[in-house]
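Colleague: Residue numbers (the numbering used here), protein chains in the order written: chain W, 55 to 321; chain D, 55 to 321.
Note that beta-carbon positions come from the ideal geometry of N, C-alpha and C, so glycine has one too.
Dropping the structure in here first, questions after.
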């Protein structure tokens, strides 16, 4: 894919703070970044905004809002945290706020999914008022007890339907590539695709969370997926998001050099 | 669930050969067993048949046929191996031969899935002639590069539809519990449910293959799933199938005592 569409998801260089990640984007001519909230918190929102603006970086997304599922959580605290996430996405002029909806913590899967819907319903007017687009990211089913009870694109789109179609979805190759229903659901998503993330599924995947592969090292047919996402109408930034203890141990400049090459060749 | 429906899937006591597993069933009054082919091979088919018949054990399934996806495999060898699997299931009078359809080994997911359909199509007349019911087991999407490109019940049932509905499906709680479409697909499956397997999904699942939990130790609402499977019409044996390095290190008698208790209480 054309490097003009590349966005560096900050988790790919997890050892760096926001200033260093922004500097890496400048050094390697990457025009967009996806920012994580813990990295914003480490420098403060005002400084985060200054950093990305001074560098002329586009912010493809803020990661993340959500985490609606804990029945023991204080609803007011969850609401407040999500509103702060919206504030940050607004200040950074991010294309969207990614919603990682929350894991299953008890035996009530239907209840957890209902809490997700309630949480987004409540957040939506606040996001609208602040000009922030919410985007549900379905996560791989193996993440159900760690991150999200929203496991498929169909399910995310059903949620969006229930909210009058206003909420977008994130298509992350790693999370959705296996889905036999993928082609149908991408076509259904259409203009609701608010972001596209790439990495790769390694044949010998050894860890559920931190063993994502660099594009080209795994089994995902990324050119085909990119074509389907394009057919659905998405023309925005494409985030490289690699959660990987192996890549996190590399020199960040080497990682960016590699991902730029792989982005051109395999995405 | 009533212990009269309990079947011991042999992999749960993986350290034991077939004679010892059969003896464990007798010692603990378990009336059915699911037999793995490597354990049959270790004693020979005639002796395997003698063992289960002498013990009066019902064989709920033989695990496994399938593995259709390797583009480099010799088709004749794959066909022959699957016919031997049918022969073994017939000799053991198993309720079904479980099909683990094979992993993705390259970038061509659609091609791999087509090979699965071709493989089953070719095997079906042989199975019919030998009175063996084939049953597709959809495996958790995280198993796509290790065991199977068939990841959901919907997909297994679509395959069955394409084969005139003659092929059954295995409902394994571990593989399907996360699926937002589960209730719909179980109702659709109806009389095609050829087996029901139970274990549990541990909250801190640390390994993709060998970290299944004992029923009651995880997050799956097994009573609800059992009710849905019963509503769909399935009344047969219920296999306890726990692939777990933790349980494999336990004394097999302790494991069977525990799984009997948990089966009554949590399934």
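1) Using C-beta distances below 7 Å, list every residue in its chain close to residue 171(W), excluding the 5 sequence neighbours before and after it, in chain order.
2) In terms of residue numbering, what span does the beta strand (DSSP E) encompassing residue 250(W) cover?
3) Using only CA atoms, which one of 235(W), 157(W), 162(W) lies nearest to residue 164(D)?
4) Should the segment 313 to 320 of chain W be called in touch with the segment 64 to 83 of chain D, which here means at least 3 C-beta pairs below 8 Å?
5) Under the DSSP definition of a beta bridge, which residues are partnered with residue 112(W)?
6) Can you confirm whether residue 274(W), when its beta carbon is compared against all beta carbons of chain D, has any partner nearer than 9 Å?
7) Between the segment 178 to 202 of chain W and chain D, which residues of the former have a C-beta closer than 7 Å to a C-beta of the latter?
8) Beta-carbon within less than 7 Å of residue 237(W)'s beta-carbon, same chain only, minus the 5 sequence neighbours each way: which residues are those?
9) For residue 263(D), count neighbouring C-beta atoms within 10 Å of its own C-beta (all shown protein chains included) and say buried if the count is 16 or more, exposed if not.
10) Taking the CB atoms as reference points, tell me whether residue 310(W) and residue 105(W) lie closer together than 9 Å.
11) Just how far apart, CA to CA, sit residue 277(D) and residue 175(W)?
12) At the 9 Å Cβ level, is residue 129(W) part of the contact set with chain D, yes or no?
13) Counting only Cβ-Cβ distances shorter than 9 Å, please list the residues of the segment 205 to 230 of chain D near chain W, keeping chain order.
14) Can you tell which of 221(D), 259(D), 136(D) has its C-alpha closest to the C-alpha of residue 243(D)?
15) Measuring CB to CB, does residue 158(D) end up less than 9 Å from residue 115(D)?
16) Whose Cβ in chain W lies nearer than 7 Å to the Cβ of residue 257(D)?
17) Along chain D, in chain order, which residues have C-beta atoms closer than 7 Å to that of residue 161(W)?
18) Whole beta strand (DSSP E) runs in the segment 186 to 269 of chain W with 3 or more residues, listed along the chain?
19) Applying the criterion that 16 or more other CB atoms from any shown protein chain within 10 Å of the CB defines a buried residue, is residue 120(W) buried or exposed?
20) If you scan the segment 95 to 168 of chain W from start to end, which runs of the alpha helix (DSSP H) of 4 or more residues do you find wholly inside it?
21) What residue does the beta strand (DSSP E) around residue 321(D) start on, and which one ends it?
22) Could you pull out every residue in the same chain whose Cβ sits closer than 6 Å to the Cβ of residue 60(W), ignoring the five residues on either side in sequence?
23) The beta strand (DSSP E) that contains residue 62(W), what's its start and end?
Modeller: The short version:
1) Residue 171(W) sits at position 117 when you count from the first residue of the first chain. Same-chain partners within the cutoff: 213, 216.
2) Along the first chain, one-based indexing puts residue 250(W) at 196. Taken as a continuous stretch (DSSP letters only), the beta strand (DSSP E) holding residue 250(W) covers 247 to 252.
3) The residue labelled residue 164(D) in the question sits at position 110 within the second chain. The candidate whose alpha carbon is nearest that of residue 164(D) is 235(W).
4) no
5) The residue you call residue 112(W) lines up with position 58 of the first chain. Residue 112(W) pairs with 86(W).
6) If you number the first chain from 1, residue 274(W) lands on position 220. Yes, its Cβ sits closer than 9 Å to a Cβ of chain D.
7) 194, 195, 196, 198, 199
8) The count along the first chain starts at 1 and reaches residue 237(W) at position 183. So the qualifying residues of the chain are 282.
9) Position 209 of the second chain, counted from the first residue, corresponds to residue 263(D). Classification for residue 263(D): exposed.
10) Residue 310(W) sits at position 256 when you count from the first residue of the first chain. Residue 105(W) sits at position 51 when you count from the first residue of the first chain. It is not a contact, given that the beta carbons lie outside the stated cut-off.
11) Along the second chain, read from residue 1 onward, the residue named residue 277(D) stands at position 223. Along the first chain, read from residue 1 onward, the residue named residue 175(W) stands at position 121. Computed Cα separation, rounded: 31 Å.
12) Along the first chain, one-based indexing puts residue 129(W) at 75. No, residue 129(W) lies away from the interface with chain D (no Cβ there is under 9 Å from its Cβ).
13) 205, 206, 208, 209, 212
14) Taking the first residue of the second chain as position 1, residue 243(D) is located at position 189. Per the Cα distances, 221(D).
15) Within the second chain, the letter at position 104 stands for residue 158(D). Within the second chain, the letter at position 61 stands for residue 115(D). Taking 9 Å as the Cβ cut-off, residue 158(D) and residue 115(D) do not qualify as a contacting pair.
16) Position 203 of the second chain holds residue 257(D). Correct list: 199.
17) The residue you call residue 161(W) lines up with position 107 of the first chain. Result: 273, 275.
18) 188 to 190, 222 to 226, 247 to 252
19) Here the question's residue 120(W) lines up with position 66 in the first chain. Its Cβ being crowded by 16 or more others within 10 Å, residue 120(W) is buried.
20) 99 to 108, 129 to 145
21) Counting from 1 along the second chain, the entry for residue 321(D) is found at position 267. From DSSP, residue 321(D) is part of no beta strand (DSSP E); its letter is neither H nor E.
22) The residue you call residue 60(W) lines up with position 6 of the first chain. Around residue 60(W): 84, 317.
23) One-based indexing of the first chain puts residue 62(W) at position 8. Here the beta strand (DSSP E) through residue 62(W) covers 60 to 63.
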